[in-house]
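Peer 1: Take 1 as the starting number for the sequence shown in full-length UniProt numbering and just add one per residue. Even glycine gets a Cβ: it sits at the ideal position worked out from N, Cα and C. Quick one: this structure, given as structure tokens, is what I'll be asking you about.
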Amino acid sequence: MLAFNAFSTVFTVINNADSGTGTLRDMLTKAAANGIADADVINFNLTDQSEAGRTIVILDQLPLVSANLTIDGSSQPGTAFGLSTSRVKILTGFAYTKFANVLLLENVQDVKIYGLYIKNEMACPSGEGCYYWQGIAIRDCRNIEIGAAGKGNVILGFQYDLGMNLHLTGGQIHYYSVNFTLKANFIGIEPDGITRSDIISKPVEVNYVIGEINIGGTPDEGNLFPNGFSIHQTNSENYTGEGVEMYVTPATIRFRNNKIGVDHSESITFPSSGFRFDVHTPKGKNTVFIEDNIISSSTAWGITLINNFHEVNIRRNYIGTDRSLTKTLPVGDTGIFVYYCTNVKIGSSNPADKNYIANCKPINVWPYSTVSVNKNSFFCVRNMYPMIYRGNGTFFFPVVKISSITGTSLSGNATPGSAIELFYADRCGSCAPETYFASTTADESGNWHYDGPIQGKVIASATFNGATSEFTRPELDVANVKIENTCPNYGSIKGIVPSSYTDISWINESGAEVGRVPDLLNMPPGKYKLKIGYGDCSAETPWYQIKLGVSVDASTIAVTNASCNGANGSVKGITITNNTSSAVQYSWKDAGGNEMGRALKLENVRPGNYLLSIKLADNSCAMSYGPVEIKNISGPGVSEHNITVVASECGKAEGSIAGISATGLGVLRYQWKNELGEVVGTGLDLLDKPAGSYKLEVFDESACGSVFSSTIPIPEVNGISLNDMGTIQNVTCGQSNGSITGIQVSGATQYQWFDQSDQLIATTTDPNLRDVKAGRYYLVAANSSCKKTSQLYTVGGNVAVLVNNNHVQINHDHCSLSTGTITGIEVSGKLPFSYRWENDAGVNFGNQKDLKNAPQGIYHLTITDAAGCSAVSTYQLLNQSESIQQPMVSDLQLCGKGEAILIVNNVTKDSGYKLYGNEYGLIPLDVQESGQFKINVNENRKFYVSRYIGGCESPRTKVEVTVGYAALIIPNAFSPNHDGSNDKWIIKGIENYPKVSVNIFNRYGERVFDAPNYKVPFEGNRNGNPLPAGVYYYVIKIGEGCRAISGSLTLLR
1 MLAFNAFSTV FTVINNADSG TGTLRDMLTK AAANGIADAD VINFNLTDQS
51 EAGRTIVILD QLPLVSANLT IDGSSQPGTA FGLSTSRVKI LTGFAYTKFA
101 NVLLLENVQD VKIYGLYIKN EMACPSGEGC YYWQGIAIRD CRNIEIGAAG
151 KGNVILGFQY DLGMNLHLTG GQIHYYSVNF TLKANFIGIE PDGITRSDII
201 SKPVEVNYVI GEINIGGTPD EGNLFPNGFS IHQTNSENYT GEGVEMYVTP
251 ATIRFRNNKI GVDHSESITF PSSGFRFDVH TPKGKNTVFI EDNIISSSTA
301 WGITLINNFH EVNIRRNYIG TDRSLTKTLP VGDTGIFVYY CTNVKIGSSN
351 PADKNYIANC KPINVWPYST VSVNKNSFFC VRNMYPMIYR GNGTFFFPVV
401 KISSITGTSL SGNATPGSAI ELFYADRCGS CAPETYFAST TADESGNWHY
451 DGPIQGKVIA SATFNGATSE FTRPELDVAN VKIENTCPNY GSIKGIVPSS
501 YTDISWINES GAEVGRVPDL LNMPPGKYKL KIGYGDCSAE TPWYQIKLGV
551 SVDASTIAVT NASCNGANGS VKGITITNNT SSAVQYSWKD AGGNEMGRAL
601 KLENVRPGNY LLSIKLADNS CAMSYGPVEI KNISGPGVSE HNITVVASEC
651 GKAEGSIAGI SATGLGVLRY QWKNELGEVV GTGLDLLDKP AGSYKLEVFD
701 ESACGSVFSS TIPIPEVNGI SLNDMGTIQN VTCGQSNGSI TGIQVSGATQ
751 YQWFDQSDQL IATTTDPNLR DVKAGRYYLV AANSSCKKTS QLYTVGGNVA
801 VLVNNNHVQI NHDHCSLSTG TITGIEVSGK LPFSYRWEND AGVNFGNQKD
851 LKNAPQGIYH LTITDAAGCS AVSTYQLLNQ SESIQQPMVS DLQLCGKGEA
901 ILIVNNVTKD SGYKLYGNEY GLIPLDVQES GQFKINVNEN RKFYVSRYIG
951 GCESPRTKVE VTVGYAALII PNAFSPNHDG SNDKWIIKGI ENYPKVSVNI
1001 FNRYGERVFD APNYKVPFEG NRNGNPLPAG VYYYVIKIGE GCRAISGSLT
1051 LLR
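Rendered as structure tokens:
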């Protein structure tokens, strides 16, 4: 160990044992103990410089690597191992544990590891997961360098030879690192650059890094990654606050001069995942440079880019081929795959930056991506087209086409303003743009042109706003292809638009060429395809089939022959196939050219020959089928050529029909039917029948049905003709004003009308019936030998309004109070009814069926129904008086002249009272409902009072009014001892003096009682307290102008 100063120390490993003084374990422990303030170095100076002497077998996990430390294996004297620049070998020699690492860097910074050959030969136990077994494990670190030019490391035999920020328990991301360099290392392969470990490790994973990331560099700094390399990021967010650095901080990543999936000499390939760069969610903030690498990826895409929105530059890489461009390096599918990246540049404007891609699909651009592809070289590729997957969310991409190619010029159209690049097609004939030779620009109309010698087959691209189009190739636009099927012989295929081609050919199913222009015309039915080419590039359509425009299939035709020479034949089962867009029209015609039907089925026709004409509605095709013969099948027949008819006398059965002949198969049967359809005969001749109309039906033993003769009349002799078409006039309002007229009769001399009960109603001089009520009637017209009866006619109409008073209740008025009512009237007629009550003076008393609150009088009720019919009924209301009890009024005695009140003692509700001056006077002096009259009296006189209700009045009650004192009965003693006898001082007659007042005094002159009007008699109390027995004195004042009365009163106890 050599110390440079008090703080920075160089530790030297001199012992290759697992532990002990001078061992690597010892130096790691001492470096950690020395602190991290200054840079420490661990060098190697093992005396034995053989491979075994420079091999350290560790038997347990080494201590953690401390910060600010350089572990420099390149300081060891001796030759490097194999083709690498490593000089010290570290070999694991301890049993597997799940989280085993050789060197573990956790939460440290400024660590450099050079010149080590770290290898594991311990197999992962069966059933155990070796996910966390790592040669060098880095977690939460800053400023880490693994290898440098001339100081590279070799790491192999682990699940992850180099694992960066790998989770230990899964779930949420736990670790990230800042600033990382990886240069001049062999990872996953022996120092010979050829041999991989028997323990195949996963691709190198550099996860969740920010800041400056350098993987490789100059050619001497490039790494060898036979298993592949991947970077996973999560810096696409815009969070704020502490602990969000890994989610928001950009990174600059340079991946240069590395070899993936090949050995050191690029001559041997290994199964590899290629180079993968992805961000956990879209909008990653990584600026990426992928330059000068050799990439083989037999199990995946060569370069994969996902979810990054910062600039990505891909330049001077060799994908699917080596630097000599002569070797084939396997690529699983696509050279460069891009998804959800918005600023990817593959190649540049400088031809020297071109990427070489071979033996795979060169580029696959998926949605939400903007990718420019410039001046690259693609050759011997697979599935060149399409380069752009136009699924949902695809960004804008320009377009370009070549429309004219000569030996000295090119022209075409493209997105206006786009940059056009021109290439010669590749050497392998895979229609790939291999050799860039010129550029031009599309004008504002999208037209472009190039002048110069053309020395090969040309492919063009267009770039606009950072996006590049598909490369041109022969293309066939079939969006508007139209197949015109044949009718009857030839059809066409039109509307295909080819572009970027020099050769064109239509071929049929036999491979024979049948056309050399875009539209294929006048071809018979069959299958055809169009092929175009330009050099090694070609395109072709699917097979298109020209069919017969209209075809007839009569394999299932069904002809039904006519029977009995009737119109019951048919033709069915023909099938028409229409391969056009126009409707099919049909026409069946007989041998005479008469049209018999316009449907595909021909029905209800007689025997004969029929031709089906078929044409399209647009008149582009016409054809025919037939003729089809419909034969006749025999049946019964009737001939009326020799018919004879004998008339019948009226009312007799003397008529006959004879001379008809009938034919048919086997035994014939006959039925004669009359006008009612009744069978009236079963022979060929009809005999002894009355006048009438008859029809013969003939049956035979064939499958045909029966046949009928015409309707044959037997005339009537001396008969009566009756045209039973009478006109009915219905009755109105139940009157006898109905009629039946218009029956036409000839030959009759007598007319009689009967009702439905056969009762004679009228004998008339003509066939008309008039002035009858509603009912049912029929006419019998007769002459001396014949009668004819009409049908039964019904005379209807509306009935009269009928009023039934059997249940009428009349309540007369009484006492002239207008209390009369008329109810219970019953009405029949056509609903609804209207009503009107009037008295003799024409005054309206209501519009309801019942009359209420009416005075004495005569009333008329008019009832009108819905048909306008009406009826009037008259009723009378009387005024009835009643006996009324006369009032009770007491005589009145006044002490002097003046006013007084006369009061009825038994006033009743709903009554009034009249005051008369004499017993028989007609005009009352006063009328009061209260029963109280104010009178002015100068002398003794009589008044008469009656009670009245409405117009009824009781007998009059006489009232004597006396002016002057009348004897008052004034007791001189009483005994208020509550024995029910003489308990109150009652003064009889005092009630006749309404203004009386009574005062009582004791012997000391004190007033002990005061009673105006003396309505409450004296009970011997003063203020509710009993007065003592003794003598008291009273003063009674009758009223104004009357002398007071005084005396003594003895109160007994």
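Find out if the Cβ-Cβ distance for the pair S492, L530 is shorter than 8 Å.
Peer 2: Position 492 of the sequence shown, counted from the start, is the residue given in the question as residue 492. Position 530 of the sequence shown, counted from the start, is the residue given in the question as residue 530. Cβ atoms of S492 and L530: not closer than 8 Å.
Peer 1: How close, in whole Å, do the beta carbons of K457 and Y534 come, if the pair is a contact with beta carbons under 8 Å?
Peer 2: As a position in the sequence shown, residue 457 is number 457, starting the count at 1. As a position in the sequence shown, residue 534 is number 534, starting the count at 1. Correct: roughly 6 Å between the Cβ atoms.
Peer 1: Distance, Cα to Cα, D18 vs N143?
Peer 2: Here residue 18 refers to the residue found at position 18 of the sequence shown. Here residue 143 refers to the residue found at position 143 of the sequence shown. About 29 Å.
Peer 1: Buried or exposed, going by whether 16 or more other CB atoms sit within 10 Å of the CB of H814?
Peer 2: Indexing the sequence shown from 1 puts residue 814 at position 814. Buried, because 16 or more other Cβ atoms sit within 10 Å of the Cβ of H814.
Peer 1: So, under 8 Å CB-CB, N723 and Q744 are touching, yes? Tell me the CB distance rounded to an integer number of Å.
Peer 2: For the purposes of this step, residue 723 is identified with residue 723 of the sequence shown, where counting begins at 1. For the purposes of this step, residue 744 is identified with residue 744 of the sequence shown, where counting begins at 1. Sure, about 4 Å apart at Cβ, within 8 Å.
Peer 1: Spatial neighbours of I863 within its chain, please: CB distance less than 7 Å, with the 5 preceding and 5 following residues excluded, ordered by chain position.
Peer 2: If you number the sequence shown from 1, residue 863 lands on position 863. Cβ neighbours of I863 beyond the five flanking positions: V801, V803, V827, F833, Y835, S870 and A871.
Peer 1: Hey, how far is the Cα of D766 from the Cα of V717?
Peer 2: Counted from its first residue, the sequence shown places residue 766 at position 766. Counted from its first residue, the sequence shown places residue 717 at position 717. Straight-line Cα distance between these residues: approximately 22 Å.
Peer 1: By the three-class DSSP mapping on this structure, what secondary structure does T29 have?
Peer 2: Your numbering for residue 29 matches position 29 in the sequence shown. In this structure, T29 counts as helix in the three-state DSSP scheme.
Peer 1: Go ahead and pull the three-state DSSP assignment for E595.
Peer 2: Counting from 1 along the sequence shown, the entry for residue 595 is found at position 595. Three-state DSSP puts E595 in a strand.
Peer 1: Could you check the C-alpha separation between A703 and I643 for me, to the nearest Å?
Peer 2: Indexing the sequence shown from 1 puts residue 703 at position 703. Indexing the sequence shown from 1 puts residue 643 at position 643. Near 28 Å, if we compare the C-alpha coordinates of I643 and A703.
Peer 1: Helix, strand or coil for G466 per DSSP?
Peer 2: Residue 466 sits at position 466 when you count from the first residue of the sequence shown. Of the three classes helix, strand and coil, the one that applies to G466 here is coil, per DSSP.
Peer 1: Of the residues G466, E421 and I402, which one's Cα is nearest the Cα of L476?
Peer 2: For the purposes of this step, residue 476 is taken as the residue at position 476 of the sequence shown. Nearest of G466, E421 and I402 to L476, Cα basis: I402.
Peer 1: With distances taken between CB atoms, is the gap from T463 to S372 smaller than 8 Å?
Peer 2: Here residue 463 corresponds to residue number 463 of the sequence shown, with the count starting at 1. Here residue 372 corresponds to residue number 372 of the sequence shown, with the count starting at 1. In this structure, S372 lies closer than 8 Å to T463 by Cβ.
Peer 1: When we look at the beta-carbon of N940 and count the other beta-carbons within 10 Å, is it buried (16 or more) or exposed?
Peer 2: As a position in the sequence shown, residue 940 is number 940, starting the count at 1. Result: exposed.
Peer 1: State the DSSP-derived secondary structure class of P433, mapped to helix, strand or coil.
Peer 2: Looking up residue 433 in the sequence shown gives position 433. If DSSP states are grouped into helix, strand and coil, P433 belongs with the strands.
Peer 1: Does the beta-carbon of E701 have 16 or more other beta-carbons within 10 angstroms, so that it is buried, or is it exposed?
Peer 2: Within the sequence shown, residue 701 is the residue found at index 701, counting from 1. Looking at its Cβ environment, which holds fewer than 16 other Cβ atoms inside 10 Å, E701 is exposed.
Peer 1: Leaving aside the five residues before and after H449 along the sequence, list all residues of the same chain whose C-beta is less than 6 Å from its C-beta, in chain order.
Peer 2: Locating residue 449 in the sequence shown gives position 449, where the first residue counts as 1. Answer for H449: S411, listed in chain order.
Peer 1: Can you check whether the CB of I574 is closer than 8 Å to the CB of L600?
Peer 2: Translated into positions along the sequence shown, residue 600 becomes position 600. Translated into positions along the sequence shown, residue 574 becomes position 574. Contact flag set, yes.
Peer 1: Do T1050 and N972 count as a contact pair if the criterion is CB distance below 8 Å?
Peer 2: On the sequence shown, position 972 is the one that residue 972 refers to. On the sequence shown, position 1050 is the one that residue 1050 refers to. Closer than 8 Å, so yes.
Peer 1: So for N485, helix, strand or coil by DSSP?
Peer 2: On the sequence shown, position 485 is the one that residue 485 refers to. If DSSP states are grouped into helix, strand and coil, N485 belongs with coil.
Peer 1: Could you check which residue in K852, V10 and Q848 has the C-alpha nearest to that of I822?
Peer 2: Looking up residue 822 in the sequence shown gives position 822. The candidate whose alpha carbon is nearest that of I822 is K852.
Peer 1: DSSP three-state call for I990: helix, strand or coil?
Peer 2: Taking the sequence shown and counting its residues from 1, the one referred to as residue 990 is at position 990. Three-state result, I990: helix.
Peer 1: Rounded to whole angstroms, what is the Cα-Cα separation between V707 and P524?
Peer 2: Residue mapping note: residue 707 aligns to position 707 of the sequence shown, counting from 1. Residue mapping note: residue 524 aligns to position 524 of the sequence shown, counting from 1. The straight-line gap from Cα to Cα measures roughly 55 Å.
Peer 1: In angstroms with no decimal places, state the Cα-to-Cα distance between D979 and Y1014.
Peer 2: Taking the sequence shown and counting its residues from 1, the one referred to as residue 979 is at position 979. Taking the sequence shown and counting its residues from 1, the one referred to as residue 1014 is at position 1014. Roughly 23 Å between the two C-alpha positions.
Peer 1: I need the DSSP call for E654, collapsed to helix, strand or coil.
Peer 2: Position 654 of the sequence shown, counted from the start, is the residue given in the question as residue 654. Coil.
Peer 1: Sorted by chain position, which residues of the same chain lie with C-beta nearer than 6 Å to residue 1054's C-beta, five sequence neighbours on each side aside?
Peer 2: Outside the modelled stretch of the chain, which goes from 1 to 1053, sits residue 1054, for which no answer is possible.
Peer 1: Determine the burial state of Q159: buried for a count of at least 16 other Cβ atoms within 10 Å of its Cβ, exposed for fewer.
Peer 2: Locating residue 159 in the sequence shown gives position 159, where the first residue counts as 1. Buried, by the Cβ-count rule.
Peer 1: Select from R25, N938, L687 and N227 the residue whose C-alpha is nearest the C-alpha of I42.
Peer 2: The residue you call residue 42 lines up with position 42 of the sequence shown. Answer by Cα proximity: R25.
Peer 1: Just confirm the distance between the C-beta atoms of C380 and A358, as a whole number of angstroms; I'd bet it's less than 8 Å.
Peer 2: Taking the first residue of the sequence shown as position 1, residue 380 is located at position 380. Taking the first residue of the sequence shown as position 1, residue 358 is located at position 358. Their Cβ separation, rounded to whole angstroms, is 5 Å, which keeps C380 and A358 in contact under 8 Å.
Peer 1: If you reduce the DSSP assignment to three classes, tell me which class L668 lands in.
Peer 2: Sequence index remark: in the sequence shown, residue 668 carries index 668 (1-based). DSSP places L668 in coil when its eight states are reduced to three.
Peer 1: Got a sec, what are the start and stop residues for the alpha helix (DSSP H) V65 sits in?
Peer 2: Sequence index remark: in the sequence shown, residue 65 carries index 65 (1-based). Counting along the chain, V65 falls outside any alpha helix (DSSP H), and DSSP gives it neither H nor E.
Peer 1: Spell out a yes or no on whether the stretch 911–920 and the stretch 974–988 are touching, meaning 3 or more CB-CB pairs, one atom from each, closer than 8 Å.
Peer 2: No, the stretch 911–920 does not touch the stretch 974–988.
Peer 1: Return the residue from the list L224, H167, G217 and V206 that minimises the CA-CA distance to residue 1064.
Peer 2: Nothing can be reported for residue 1064: it is not among the residues displayed for the chain, which extend from 1 to 1053.
Peer 1: According to DSSP, simplified to helix, strand and coil, what is M246?
Peer 2: Reading the sequence shown from its first residue, position 246 is the one you call residue 246. Residue state, collapsed to three classes: helix.
Peer 1: Does the separation of the CB atoms of P203 and F229 fall below 8 Å?
Peer 2: The residue you call residue 203 lines up with position 203 of the sequence shown. The residue you call residue 229 lines up with position 229 of the sequence shown. Yes, they are a contact pair.
Peer 1: Note down the Cα distance separating K787 from A691, rounded to an integer number of angstroms.
Peer 2: Looking up residue 787 in the sequence shown gives position 787. Looking up residue 691 in the sequence shown gives position 691. One C-alpha to the other measures close to 13 Å.
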